[in-house]
Structures are given as C-alpha cells and as structure tokens.
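Undergrad: In my numbering, the protein residues as written are 2 to 258.
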Ligand code: NAD
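#1: On the three-pair Cβ rule with 8 Å, is the region 145-162 touching the region 177-196?
#2: Residues in its own chain within less than 7 Å of residue 13 by CB, not counting five upstream and five downstream?
#3: On the DSSP letters alone, give me the boundaries of the alpha helix (DSSP H) that residue 26 sits inside.
#4: What are the complete beta strand (DSSP E) segments, minimum 3 residues, inside the region 86-145?
#5: Give me the residue from 70, 25, 64 and 116 with the minimum Cα distance to residue 53.
#6: Whether or not the region 41-52 and the region 94-104 are in contact is what I'm after, with contact meaning three or more pairs of Cβ atoms, one per stretch, closer than 8 Å; do they touch?
#7: Using the rule of at least 16 other Cβ atoms within 10 Å of the residue's Cβ for burial, across every protein chain shown, is residue 171 buried or exposed?
#8: Check whether the Cβ atoms of residue 140 and residue 232 sit closer than 8 Å, and answer yes or no.
#9: Just to check my reading of the structure: residue 241 and residue 142 have Cβ atoms closer than 8 Å, yes? What is that Cβ distance to the nearest angstrom?
#10: Specify the secondary structure class of residue 209 as computed by DSSP and reduced to three states.
#11: Under the assumption that residue 114 contacts residue 65 (Cβ atoms under 8 Å), give the Cβ distance between them as a whole number of angstroms.
#12: Here's a check: name, in chain order, each residue in its chain whose Cβ is nearer than 8 Å to the Cβ of residue 236, leaving out the five neighbours to either side.
#13: Let me check you understand the geometry: is the CB of residue 138 closer than 7 Å to at least one non-hydrogen atom of ligand 1?
#14: Per DSSP, residue 219 is paired with what?
#15: Using only the alpha-carbon positions, how far apart do residue 176 and residue 224 sit?
#16: For residue 217, collect the residues of the same chain with a Cβ closer than 6 Å to its Cβ; drop the 5 residues on either side in sequence, then sort them by chain order.
#17: Cβ-heavy atom distance between residue 255 and ligand 1 below 7 Å?
#18: For residue 105, count neighbouring Cβ atoms within 10 angstroms of its own Cβ and tell me buried if that reaches 16, exposed if not.
#19: Applying the criterion that 16 or more other CB atoms from any shown protein chain within 10 Å of the CB defines a buried residue, is residue 254 buried or exposed?
#20: Bridge partners for residue 12 per DSSP, in chain order?
#21: How is residue 56 classed by DSSP in three states: helix, strand or coil?
#22: Assuming residue 112 contacts residue 98 under a Cβ cut-off of 8 Å, what Cβ separation, rounded to an integer in Å, is found between them?
#23: Just to confirm my understanding: we take residue 120, look at its own chain, exclude 5 residues before and 5 after, and list those with CB closer than 6 Å. What are they?
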C-alpha cells in the first residue's frame, strides 16, 4: 500500500480527477477527506470507498472561502488525526470565459477566486497541518494551458492556471527544508465533465484533438495515477515540478496524421 497510514485531503473530489484520486488513494491505504460543493456526489464517493473497505469522509467546502478552507483542514485533522497529502484540485471553466474583450469582470473574478485563490487558501490552512504531521506532499492541479497559448480563448482560466504554476514553484522552494514537497499536476485535455461541457460539439472536440499527439482525450484515472505518484514516497526527491500528463500536447509542434 503506497499511502498506508496517510491522510489525504482532496478538493473537487465529487467528480473527475478528484473523484478518481479519492478512490485510488483510499485503495492504497490513505484515509481520504473528500471535499466538494456537491454534497450528494461527494457522499457517493465516500460510500464507494467504504464499500471497498477503505476509510473516507466528506466535507462540504467552497475553496474560494477562507473559513471553509480552515474548516476542511480542521476536519481532516480531527477525523483522521493529521494531514499528509493536500491535493488542491477543485477548479472551474466558466462558459462565459472567452477572449479579453468578451470576458466579463465577474467571470474573471469567479475563476480567479476558485482556481487560484482556492489553491492559496488550501495551502494557507493546509501547510501548518502538514508541518504538524512532520511534512507531506501538496499537489496543485494546473493545466497544459498554463504553458501554451490556445486559439480557443479562455483568458481567465489560462491566467488562473499560470498563477497556480508560479505559486507552486515558490511554495516548493520556501517549504522544501521542512519536508513539504509541492508539485503542479498539468493534465492535457481530458474526457471529464469540465472540458466536455466547454467543447460541446463534435467539431470543437476534434478541433482540440488535432493538437494531441496521442489523438485522444486523457481520462481522469490517468491523472489519479500521476497524483498518486506525487502523493507517495516514490516521488521523495520531486518538488517544484510542472508534471505534465498530457498525451504529448506540450511537446507538439505538428502532430502526426
Ligand atoms: P470536474 O468538473 O469533473 O470536477 C471538478 C470538481 O470541483 C467538481 O466536483 C466541482 O463541484 C468541484 N468544485 C468546483 N468549484 C468548487 C469550489 N468552489 N469549491 C469546492 N469544489 C469545487 O473537473 P476535472 O476535469 O476533474 O477538473 C479537476 C481539475 O483539473 C480542475 O482544477 C481543472 O481545471 C483541471 N484540469 C482539467 C482538465 C480537463 O481537460 N478536464 C485539463 C487540465 C486541468
């Protein structure tokens, strides 16, 4: 068991990457605090983990709210006696997110509050808990779009994920000597709710797939496996990385036919 004796807090755990990670981490021995806004789906993840013999609990929190982030970390400590893995994964892609001219200030602020401030608040409250446990691993979900310009604009989302990458590097450097590793998981385009709602026609999907050397969307469970590596001691000398799990998209100039 690669996470035996560890407590992992995962945000956005009711769906997609967070859900698959909650199931996988628990199957590897972690006690999982599944955090999300969606209560029913969050409880369903916990029930699935418990049915498989694992240990988990659900906490409703909005990662853009300071008090909610403080409460979710306290819940992990109270229920499971510590915190070793903090997976800041919750994120949104707003349907009104477009180019700089068309995107409203409201969409910009909402996206920044959840995708960027949410990671900051997770760290603000999570780092003292990781310290008390003698160190641990933080994984922040960024995106390939933080590294590449896209012709399909989503200015707020792209900027928020760029911020996550920059913040991850600084966190990694600042906390390295206290045994806290911090890495950014950079998924390529995935076949999850978040992206499929945005690419809502076959034409839009194919337009995106043209750029992926592997010629397919990634799956949430492929991200969970990468997150498991970053969460576990197998990555004990890995910190500050931009960890691409993207079907080759960030290496591509021209993709094969
Ligand atoms: P998803 O929509 O399936 O899951 C995201 C979860 O986050 C949902 O359960 C949602 O309820 C939750 N959430 C949203 N706002 C929240 C808030 N304020 N507080 C707490 N929970 C909140 O999406 P996913 O594809 O699994 O995305 C997970 C992460 O991966 C996101 O940060 C996303 O930006 C990133 N990502 C996704 C893709 C992709 O193609 N799907 C690519 C790169 C990066």
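Backbone N, C-alpha and C fix where the C-beta goes; we use that ideal spot for every residue, glycine too.
TA: Here's the rundown:
#1: Yes, they touch.
#2: Working through the chain shown from its first residue, we reach residue 13 at position 12. Taking residue 13 as the centre and dropping the five residues before and after it, the same chain places the C-beta of 19, 37, 90, 91 and 92 closer than 7 Å to its C-beta, in chain order.
#3: On the chain shown, residue 26 is found 25 positions in, with the first residue counted as 1. Taken as a continuous stretch (DSSP letters only), the alpha helix (DSSP H) holding residue 26 covers 17-28.
#4: Runs found: 86-89 and 137-142.
#5: Taking the first residue of the chain shown as position 1, residue 53 is located at position 52. The shortest Cα separation from residue 53 among 70, 25, 64 and 116 belongs to 25.
#6: Cβ pair count under 8 Å is below three, so no.
#7: As a working mapping, residue 171 is identified with position 170 in the chain shown. An exposed status is given to residue 171, since fewer than 16 other beta-carbon atoms sit within 10 Å of its beta-carbon.
#8: Within the chain shown, residue 140 is the residue found at index 139, counting from 1. Within the chain shown, residue 232 is the residue found at index 231, counting from 1. The Cβ atoms of residue 140 and residue 232 sit closer than 8 Å to each other.
#9: Locating residue 241 in the chain shown gives position 240, where the first residue counts as 1. Locating residue 142 in the chain shown gives position 141, where the first residue counts as 1. That pair is no contact at about 16 Å.
#10: As a position in the chain shown, residue 209 is number 208, starting the count at 1. Residue 209 sits in a helix when the DSSP states are folded into three classes.
#11: To locate residue 114, count along the chain shown from 1; it is residue 113. To locate residue 65, count along the chain shown from 1; it is residue 64. Right, the Cβ-Cβ distance comes to about 4 Å (below 8 Å), so this counts as a contact.
#12: Here residue 236 refers to the residue found at position 235 of the chain shown. Within its own chain, the residues whose Cβ lies closer than 8 Å to the Cβ of residue 236, once the five positions on either side in sequence are excluded, are 138, 182, 184 and 230, listed in chain order.
#13: In the chain shown, residue 138 corresponds to position 137, counting from 1. Look at residue 138: its beta carbon is at least 7 Å from all of the heavy atoms in ligand 1.
#14: Here residue 219 refers to the residue found at position 218 of the chain shown. Looking at the DSSP assignment, residue 219 forms a beta bridge with 191.
#15: As a position in the chain shown, residue 176 is number 175, starting the count at 1. As a position in the chain shown, residue 224 is number 223, starting the count at 1. Within the model, the alpha-carbon separation for residue 176 versus residue 224 is close to 24 Å.
#16: For this step, residue 217 is matched to residue 216 along the chain shown. Correct list: empty, nothing qualifies.
#17: If you number the chain shown from 1, residue 255 lands on position 254. For ligand 1, not one heavy atom lies less than 7 Å from the Cβ of residue 255.
#18: In the chain shown, the residue the question calls residue 105 occupies position 104. It counts as exposed.
#19: Here residue 254 refers to the residue found at position 253 when the chain shown is read from its first residue. With fewer than 16 other Cβ atoms within 10 Å, it is exposed.
#20: In the chain shown, the residue the question calls residue 12 occupies position 11. 36.
#21: Position 55 of the chain shown, counted from the start, is the residue given in the question as residue 56. Residue state, collapsed to three classes: strand.
#22: Your numbering for residue 112 matches position 111 in the chain shown. Your numbering for residue 98 matches position 97 in the chain shown. Their Cβ separation, rounded to whole angstroms, is 6 Å, which keeps residue 112 and residue 98 in contact under 8 Å.
#23: Residue 120 sits at position 119 when you count from the first residue of the chain shown. Same-chain partners within the cutoff: 89, 141 and 165.
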